[in-house]
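Asks:
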Amino acid sequence: DQQVKQNSPSLSVQEGRISILNCDYTNSMFDYFLWYKKYPAEGPTFLISISSIKDKNEDGRFTVFLNKSAKHLSLHIVPSQPGDSAVYFCAASAPNSGNTPLVFGKGTRLSVIA
Amino acid sequence: EPEVTQTPSHQVTQMGQEVILRCVPISNHLYFYWYRQILGQKVEFLVSFYNNEISEKSEIFDDQFSVERPDGSNFTLKIRSTKLEDSAMYFCASSEGTLGDTQYFGPGTRLTVL
């Protein structure tokens, strides 16, 4: 039951270019979406979030776009830096439905090449 | 910057033994969560806890699991009789509130059941 899907297990990008990580979801009750970054042997680190009332949220080099009709969100990192190399997880929840557990995708491993 | 802490970082136990995983959530947070990640799989929700009681739990969180907030700072996950398939990274998370609040994760405890 993959309610949150990250179809690309890995992505390689040159330093300075844009990284685009994609995520699709199936549950129309989801109304809050988050991106986490994870290094090996560490816990997920919160990056950026977006609620369903918005279609874009920006924080420095990170921008998340939400397309509710397509049930798709993406994370843009520009410019990409070698320190961005990590596994990126998309997560979703339905807090307005009283359901707060996060549902995670399988993750995309980003490699930024210097 | 406040952070969620977890101890121990690695726990090795024999099948059938009881283990207690410990977490100190961020101090002004009111909601606490346990997630786990079996090697190579997604991060999965186990249980959420608010106001000294379980607010939600997944089907993974069966009778062998329990959670407790024994004092004002610690939040624990007990596995009564460990099985081989309980081997995983266990992540604690906390958030200020529930509606759209970000969950912040600890570094995890790697549980190895032999």
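Which chain is which? The protein sequence lines are A and B, in order.
Taking my numbering, the leading residue of the first sequence gets 1, the next gets one more, and so forth.
Taking my numbering, the leading residue of the second sequence gets 115, the next gets one more, and so forth.
Where a beta carbon is used, it is the ideal one built from N, C-alpha and C, also for glycine.
Output needed for A:S97: all residues of its chain with C-beta closer than 7 Å, excluding positions within five of it in sequence on either side, in chain order.
Replies: Looking up residue 97 of chain A in the first sequence gives position 97. Hits under 7 Å: M29.
Asks: So which residues on chain A does B:Q217 lean against when the C-beta distance must stay under 7 Å?
Replies: For the purposes of this step, residue 217 of chain B is taken as residue 103 along the second sequence, with counting starting at 1. In chain order: L102.
Asks: Quick one, which residues of the segment 197-209 of chain B are near chain A if we go by CB-CB under 9 Å, in chain order?
Replies: So the close ones are M203, F205, C206, A207, S209.
Asks: Quick one: is A:E42 near chain B, going by C-beta distance under 8 Å?
Replies: Residue 42 of chain A sits at position 42 when you count from the first residue of the first sequence. True, the Cβ-Cβ gap to chain B drops below 8 Å.
Asks: Counting C-beta neighbours from all protein chains within 10 Å, is the total for B:G186 16 or more, i.e. buried, or is it exposed?
Replies: Counted from its first residue, the second sequence places residue 186 of chain B at position 72. Burial call: exposed.
Asks: How big is the Cα-Cα spacing for A:I18 and A:K106?
Replies: Here residue 18 of chain A is taken as the residue at index 18 of the first sequence, counted from 1. Here residue 106 of chain A is taken as the residue at index 106 of the first sequence, counted from 1. The straight-line gap from Cα to Cα measures roughly 22 Å.
Asks: Tell me the rounded alpha-carbon separation between B:W148 and A:S93.
Replies: Translated into the one-based positions of the second sequence, residue 148 of chain B becomes position 34. Translated into the one-based positions of the first sequence, residue 93 of chain A becomes position 93. Each residue's Cα considered, the two are about 15 Å apart.
Asks: Here's a check: name, in chain order, each residue in its chain whose Cβ is nearer than 7 Å to the Cβ of B:G222, leaving out the five neighbours to either side.
Replies: Mapped onto the second sequence, residue 222 of chain B falls at position 108. Excluding residues within five positions, the ones whose Cβ falls inside 7 Å are Q120, M203, Y204, F205.
Asks: Can you name the start and end residues of the beta strand (DSSP E) that A:Y32 belongs to?
Replies: As a working note, residue 32 of chain A is residue 32 in the first sequence. Its beta strand (DSSP E) spans residues 32-38.
Asks: Using beta-carbon positions only, say whether A:D31 and A:K71 come within less than 8 Å of one another.
Replies: In the first sequence, the residue the question calls residue 31 of chain A occupies position 31. In the first sequence, the residue the question calls residue 71 of chain A occupies position 71. Cβ atoms of A:D31 and A:K71: not closer than 8 Å.
Asks: Between A:F46 and chain B, is the shortest Cβ-Cβ distance under 8 Å, so that the two count as touching?
Replies: Working through the first sequence from its first residue, we reach residue 46 of chain A at position 46. Yes, its Cβ sits closer than 8 Å to a Cβ of chain B.
Asks: Measure the CB-CB distance between A:L47 and A:Y36 and report whether it falls below 8 Å.
Replies: Translated into positions along the first sequence, residue 47 of chain A becomes position 47. Translated into positions along the first sequence, residue 36 of chain A becomes position 36. Yes, the pair counts as a contact, with Cβ atoms nearer than the cut-off.
Asks: Using 10 angstroms around the beta-carbon of B:G130, count the other beta-carbons present and answer buried if the total reaches 16, otherwise exposed.
Replies: To locate residue 130 of chain B, count along the second sequence from 1; it is residue 16. By the 10 Å Cβ count, B:G130 comes out exposed.
Asks: Identify each residue in the segment 149-168 of chain B for which the Cβ-Cβ distance to at least one residue of chain A is less than 7 Å, and report them in chain order.
Replies: Of all residues in the segment 149-168 of chain B, K156, V157, F159, S162 have a Cβ within less than 7 Å of some Cβ in chain A.
Asks: Which of the three DSSP states, helix, strand or coil, is assigned to A:S97?
Replies: In the first sequence, counting from the first residue as 1, residue 97 of chain A sits at position 97. Helix at A:S97.
Asks: Under 7 Å Cβ-Cβ, which residues of chain B neighbour A:L34?
Replies: To locate residue 34 of chain A, count along the first sequence from 1; it is residue 34. T216, listed in chain order.
Asks: B:P221 versus chain A: which residues are under 9 Å apart at the beta carbon?
Replies: Along the second sequence, one-based indexing puts residue 221 of chain B at 107. Neighbours of B:P221 on chain A, chain order: A41, E42, G43.
Asks: A:F33 and A:S49: beta carbons closer than 8 Å?
Replies: If you number the first sequence from 1, residue 33 of chain A lands on position 33. If you number the first sequence from 1, residue 49 of chain A lands on position 49. In this structure, A:S49 lies closer than 8 Å to A:F33 by Cβ.
Asks: Is it the case that the Cβ atoms of A:G16 and A:S80 are separated by a distance below 8 Å?
Replies: Numbered from its first residue, the first sequence carries residue 16 of chain A at position 16. Numbered from its first residue, the first sequence carries residue 80 of chain A at position 80. Yes, the Cβ-Cβ distance between A:G16 and A:S80 is below 8 Å.
Asks: Any idea what DSSP makes of B:E170, helix, strand or coil?
Replies: The residue given as residue 170 of chain B occupies position 56 in the second sequence. Correct three-state label for B:E170: strand.
Asks: Can you name, in chain order, every residue of its own chain whose Cβ lies under 7 Å from the Cβ of B:S198, other than the five neighbours on each side?
Replies: On the second sequence, residue 198 of chain B is found 84 positions in, with the first residue counted as 1. Contrary to the premise, residue 198 of chain B reads as Leu rather than Ser in this sequence. Here the set comprises M129, V227.
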